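Okay, so the sequence shown: first residue is 37 according to my numbering, each after it adds one. Here a beta-carbon is modelled for each residue, glycine too, at the ideal position from N, C-alpha and C. Just so it is clear, the structure is predicted and the values come from calculations on it, not from any experiment.
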Amino acid sequence: MSDSTPLNQPQGWGDIDEVLNAPLKNVSPDASWISVIGMWLTLPLNIIQGLFGGLCAFYYRAYAFMDCCCTIYDSVMKGRPCYMAWTWWRYMPATLVALIRHKKSRFALFRWEWEACGRGEYFWQGEGIWATSHAKNSEIMRSQQERSESFACLRACVPDLFAEGLLIFLPTGGSGSEWAAVRAALHSMFLDQRLPNYGDRLRDLPKKIEEAWQSPTAADLADKAVLQRMVCRCVFFMMFGVWISEEDAQTLTGWRTAASFFVLPRLVQRFLFNIGIGKVKTLRRKTVQIIEKHKLQQLFVDMNEKLPAAYRREQVVKLCDQIMYVIGFAGIGGTSAAVESTCGFLQLKTGEVPEDAVDFSKYPSTPDMLAAYKRNPEKFIKEVCRLDPPVTSATSVLSQDLEAEMGETGKVLSMPKGSLRQYALSLANRDPKVFDQPSLFDPTRGDLSKSLTWNGEFDGGEDNFPRLCPGRYLSMQVARAIVDHASKALQAGAGP
């Protein structure tokens, strides 16, 4: 038991350290420590090859799938054996170089990789293919998706970086599945707007924000730490009824600031001496300790009891960790991204999206943007998130064999059932076949409802999009409350 664990725990609660330090899963042979040593010993050569792959589309294609028998595709099809680890030693630096080259913009990286891979339906990144069109993304989202312990089209580092049994890892599987049971319990306990406390908290939220953040300034809108702490306090209040301290909020901002670690495979995590994994494990431990500090454990005990017997966790703290991971990663991280982007767009700043990817010509000044926001705050936020989605993609698993045509390259990749297929909703949200002038920022656009930002159309319903974000309304309400207050700084003339 950790030193900071309260003594009076509910029966069956358990110890978070046992959860965090459980045996590793999904460790591929090429991510062994022997491979890591080899990657370090050949680092100069790997950097040189990485520069070629990250700067030149020809070499990126060659590393990914075009070379004969010496590609990432071949490694994946063979189970990522240790003798092919060298293909990853050059490929991972190449993707890093490409990301840095595109100013750390995931959208810009995806767009370049799509162009490099032939401008077809699919491009390659990580361990699988990425779907780009709105039609294919929507088709996947409407299906009963197969899932696995994978993230960013890579084997997920479980249970140290990612919690085992996360909702994002569970296959949809119909109404009797574990995924359906946990999702239903999550909704009934925390997200149902008909809950007695939900409406009261929502009404109190603007006052809480105003008391905690008096006289916002334009500088505050550009200070991500300020926005992130406010999101943490608001999300926690809406879900648990507790207005946490600045210190606790600062801890929870880690779910936003640690985002770069989530996309790194175990080979790279080990190459970096597991620094990222260590930080995320600490974050998960401290998040559970905040629950314990405020004596909220019984909520998770009750939630565990709501689950069918086959799906109940032996240690309730494991369920707490899983749910708080979802709340932290999606609820806090996703909402923080939405608030940051919206505050940026109000000042004609594109944030993580390249400037050439957003057209502000319809609203060329901050007063114009403020007027557009006041007319319809929800549509404004939805349009911001169409162009700069908080979650840019998600990982699914092929339910049957697929012959993936790689556009103009002429290459066809045979992808067997069980292979990873990512859907890049950030590209789908700009599909010119669906969105008129896709780069134009326009909250009044008639096709806005077709955006897939929340893992489906916002008002499309779970019957049409089974994995539609269950917390989308809460996220929108929190984002709007914060931006309503923050935008006063610009209304007062403090903005550009």
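Selected residue, minimal CA-CA separation from residue i, among the options
| i | options | result |
| --- | --- | --- |
| Thr-123 | Asn-82, Gly-90, Asp-196 and Phe-146 | Asn-82 |
| Val-316 | Phe-336, Phe-477 and Gly-290 | Gly-290 |
| Ala-167 | Phe-477, Glu-493, Gln-473 and Arg-457 | Arg-457 |
| Lys-447 | Phe-159, Trp-69, Leu-135 and Ser-68 | Phe-159 |
| Arg-269 | Arg-230, Glu-441, Ile-52 and Ile-518 | Ile-518 |
| Pro-232 | Cys-193, Glu-247, Gly-277 and Ile-204 | Gly-277 |
| Ser-377 | Gly-367, Glu-388 and Ser-485 | Glu-388 |
| Phe-501 | Lys-486, Leu-384 and Gln-513 | Lys-486 |
| Glu-200 | Ile-136, Met-360 and Met-225 | Met-360 |
| Ile-313 | Cys-379, Pro-46 and Leu-60 | Leu-60 |
| Leu-332 | Phe-273, Arg-239 and Ala-295 | Phe-273 |
| Val-299 | Leu-343, Asp-236 and Phe-187 | Phe-187 |
| Phe-477 | Asp-404, Glu-493 and Leu-438 | Asp-404 |
| Trp-279 | Lys-243, Pro-468, Cys-421 and Val-262 | Lys-243 |
| Thr-293 | Leu-423, Ile-311, Ser-450 and Ala-261 | Ala-261 |
| Lys-415 | Asp-483, Thr-78, Cys-104 and Ile-165 | Asp-483 |
| Lys-469 | Ser-169, Leu-423 and Ser-296 | Ser-169 |
| Thr-402 | Lys-385, Asp-392, Glu-247 and Ala-393 | Lys-385 |
| Ser-397 | Glu-439, Ala-295 and Pro-479 | Pro-479 |
| Gln-45 | Lys-453, Pro-400 and Lys-329 | Lys-329 |
| Thr-323 | Ala-295, Ile-311 and Gly-364 | Gly-364 |
| Phe-336 | Met-225, Glu-246 and Arg-239 | Met-225 |
| Cys-189 | Gln-161, Ser-179, Glu-182 and Trp-215 | Gln-161 |
Integer-rounded CB distance, given that residue j should sit under 8 Å from residue i
| i | j | result |
| --- | --- | --- |
| Arg-320 | Asp-259 | About 26 Å separates the two Cβ atoms, so there is no contact after all. |
| Ser-432 | Ile-176 | 6 Å |
| Gln-351 | Gly-50 | 3 Å |
| Leu-488 | Ser-174 | 6 Å |
| Ser-435 | Leu-461 | Wrong, their Cβ atoms sit about 19 Å apart, outside the cutoff. |
| Phe-146 | Leu-463 | 6 Å |
| Pro-195 | Ala-58 | 5 Å |
| Ser-455 | Glu-439 | The pair is not a contact, with the Cβ atoms about 12 Å apart (cut-off 8 Å). |
Buried or exposed (CB count within 10 angstroms, at least 16 for buried), residue i
| i | result |
| --- | --- |
| Asp-284 | buried |
| Trp-76 | exposed |
| Arg-302 | buried |
| Asn-491 | buried |
| Trp-148 | buried |
| Trp-150 | buried |
| Ile-327 | buried |
| Pro-425 | buried |
| Gly-367 | buried |
| Lys-418 | buried |
| Ser-71 | buried |
| Gly-210 | exposed |
| Phe-297 | buried |
| Gln-181 | buried |
| Ile-311 | exposed |
Residues of its chain near residue i, where Cβ-Cβ distance is below 8 Å and the 5 sequence neighbours each way are ignored
| i | result |
| --- | --- |
| Gly-74 | Ala-121, Trp-122 and Trp-125 |
| Val-304 | Met-128 |
| Ser-213 | Leu-206 and Pro-207 |
| Leu-241 | Cys-270, Phe-273, Met-274, Gln-513, Val-514 and Ala-517 |
| Val-362 | Leu-202, Leu-203, Ile-204 and Leu-222 |
| Pro-413 | Arg-516, Val-519 and Asp-520 |
| Pro-390 | His-138, Lys-139, Ser-141, Phe-143 and Ala-144 |
| Thr-78 | Trp-122 and Trp-125 |
Own chain residues within Cβ distance below 7 Å of residue i, not counting five before or after
| i | result |
| --- | --- |
| Ser-523 | Leu-382, Leu-406 and Tyr-409 |
| Thr-17 | For residue 17 there is no data in the structure shown, the boundaries of the chain being 37 and 532. |
| Leu-227 | Pro-506, Gly-507 and Leu-510 |
| Arg-534 | Nothing can be reported for residue 534, as the shown portion of the chain is limited to 37 through 532. |
| Asn-340 | Arg-348, Arg-349, Val-352 and Leu-355 |
| Ala-525 | Pro-252, Thr-253, Ala-254, Asp-256, Leu-257 and Gly-531 |
| Ser-496 | The question names Ser, but residue 496 is Gly in the sequence shown. Leu-504, listed in sequence order. |
| Val-394 | Thr-386, Leu-423, Ser-475 and Phe-477 |
Contact test: residue i Cβ vs the ligand GTP heavy atom, cutoff 7 Å
| i | result |
| --- | --- |
| Arg-155 | This structure simply doesn't include the ligand GTP, nor any ligand for that matter. |
Proximal residues to residue i (C-beta, below 6 Å), its chain only, five neighbours per side dropped
| i | result |
| --- | --- |
| Val-112 | Glu-163 |
| Gln-85 | Arg-126 |
| Gly-48 | Val-352 |
| Phe-307 | Val-72 and Met-75 |
| Ala-374 | Cys-421, Pro-426 and Ala-515 |
| Glu-498 | Leu-504 |
Closer than 8 Å to chain D by CB, residue i
| i | result |
| --- | --- |
| Glu-54 | Absent from the structure: chain D. Only one protein chain is present. |
Does the stretch 63–72 come into contact with the stretch 108–119, if we say contact requires no fewer than three beta-carbon pairs (one atom in each stretch) closer than 8 Å? Yes, the stretch 63–72 touches the stretch 108–119.
Does the stretch 206–219 come close enough to the stretch 471–480 that 3 or more CB-CB pairs lie under 8 Å? no
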